[in-house]
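Its first residue numbered 4, the sequence shown is counted upward by one per residue in my numbering.
Even for Gly, the Cβ is constructed at its ideal location relative to N, Cα and C.
Some notes on the structure that comes next.
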Amino acid sequence: MPELRPAGVEHRTFLRCTSVVGAAAAITASLSACGGPSSTADGTAGQGSGNGLIEAGLSYPLSTGFDPMITSGATPYAANMHIFEGLVDLDPATLVARPALATEMPKKINATTYRATLRKGATFHDGSAVTADDVVFSFERILDPKNASLMAQFVPFIDTVKAVDAGTVEFKLKYPFALFPSRIAVARIVPKKIVEPDPKAFDAKPVGSGPYRFVEATREDKIVFEAYDKYNGPHPAKARR
Numbered sequence: 004m005p006e007l008r009p010a011g012v013e014h015r016t017f018l019r020c021t022s023v024v025g026a027a028a029a030i031t032a033s034l035s036a037c038g039g040p041s042s043t044a045d046g047t048a049g050q051g052s053g054n055g056l057i058e059a060g061l062s063y064p065l066s067t068g069f070d071p072m073i074t075s076g077a078t079p080y081a082a083n084m085h086i087f088e089g090l091v092d093l094d095p096a097t098l099v100a101r102p103a104l105a106t107e108m109p110k111k112i113n114a115t116t117y118r119a120t121l122r123k124g125a126t127f128h129d130g131s132a133v134t135a136d137d138v139v140f141s142f143e144r145i146l147d148p149k150n151a152s153l154m155a156q157f158v159p160f161i162d163t164v165k166a167v168d169a170g171t172v173e174f175k176l177k178y179p180f181a182l183f184p185s186r187i188a189v190a191r192i193v194p195k196k197i198v199e200p201d202p203k204a205f206d207a208k209p210v211g212s213g214p215y216r217f218v219e220a221t222r223e224d225k226i227v228f229e230a231y232d233k234y235n236g237p238h239p240a241k242a243r244r
């Protein structure tokens with residue numbers, strides 16, 4: 004996908020990043036498509052959730068934490084595709100951009116201004132509402148050079164991000180960039196009130212707004228997810244665990 008290569012990124016760096024994304028997408032596609040047998044049910048599923056258990060063996064070790072701003076390992080990246088949402092996500096099978104936390108693809112106001120409206124009722128796994136402030140926080144920490152975010156190189160065209168109101172975010176670009184609506188899929192939205200006080204704790208035990216919530220992780224052994232009952236987005240969990 005050559006159109007996704009950010010300007011100025013060294014070729015080997017780009018290939019390394021895209022290979023991680025590709026591997027993670029393949030893992031996620033298989034997990035999302037499978038349905039567990041009803042005999043392995045572990046509790047009552049929430050609305051839109053299946054009753055089964057999916058077990059998938061992975062060849063990639065859990066080599067990093069889960070903070071989506073900096074993680075580069077294929078396994079935690081794949082895990083984050085279940086735990087977190089962006090305003091926009093990429094379909095794990097086709098890589099076509101689709102709305103996630105946003106109600107629709109970001110609206111173009113003019114050549115360098117876009118707005119996105121958040122899905123009503125969206126909550127993080129601790130039960131708190133996803134707000135425009137969380138979106139601003141998530142993008143600003145990626146864009147801050149001090150954080151050395153892996154994702155920053157994919158969104159160099161963003162100048163500022165601001166909350167218009169509790170459910171609307173406005174992006175100002177440094178220059179017109181036609182791929183803006185799909186490119187921001189690299190940015191996963193995180194809860195400011197949890198991340199800001201203790202980033203290391205968040206890296207070890209992530210909290211997102213996706214269809215699955217993080218339960219536990221054991222290095223070289225397993226990562227466990229459970230369907231998030233309050234998830235109200237377009238792509239609910241297919242199995243209970």
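Rounded to the nearest angstrom, the gap between the Cα atoms of ARG191 and LEU93 is 12 Å. No residue range can be given for ASN235, since it is assigned to no beta strand (DSSP E) and is classified by DSSP as neither H nor E. Taking 7 Å as the cut-off, the beta carbon of TYR63 is found no closer than this to the beta carbon of ALA82. DSSP, reduced to helix, strand and coil, places ALA132 within a strand of the structure shown. If you ignore the 5 residues before and after GLY170, its C-beta comes within less than 8 Å of the C-beta of THR120, LEU121, LYS123, THR134, ALA135, all in its own chain and listed in chain order. Counted as a single uninterrupted DSSP element, the stretch harbouring VAL193 is not any beta strand (DSSP E), since DSSP gives it neither H nor E. With a contact defined as Cβ atoms closer than 8 Å, THR126 and SER212 qualify at about 6 Å. Taking C-alpha positions only, PRO239 is separated from PHE140 by approximately 25 Å.
Of PHE174, ALA204, PHE217, ASP162, the smallest CA-CA separation from TYR231 is found for PHE217.
Straight through space, the alpha carbons of ILE73 and LYS149 are spaced by roughly 12 Å.
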